[in-house]
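S.K.: Just so you know, the sequence shown maps onto residues 201 to 261 in this note's numbering.
A single structure is presented below for examination.
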Amino acid sequence: MSHLNQLELQNIRHLVGAFDTACEKLQTYAQDAKDPQVKACFEKSVQDAQNDKQKLMSFLS
């Protein structure tokens, strides 16, 4: 893998933070959801956001 420049590194860090925020919000929405289908949708979105965050984190190691 090639080395990341400062701007790319900064962008990845920003995106990781955004995924963290999204995960927290989606988890709250899932907890508050009454409809099982809506709850499942939010839970899947949490899982997807966590997976995307992990993919981005792999660029930092």
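Glycine is no exception: its CB is placed at the ideal position from the N, C-alpha and C atoms.
Of the choices H214, A240 and L209, whose alpha-carbon is the least far from that of L226?
M.R.: A240
S.K.: Is it right to say F259 is buried, meaning 16 or more other beta carbons lie within 10 angstroms of its own, or is it exposed?
M.R.: Exposed.
S.K.: To the nearest angstrom, report how far apart Q232 and D248 are at their CA atoms.
M.R.: Note on identity: in this sequence residue 232 is Asp, with Gln being the wrong assignment. So the two alpha carbons sit approximately 19 Å from each other.
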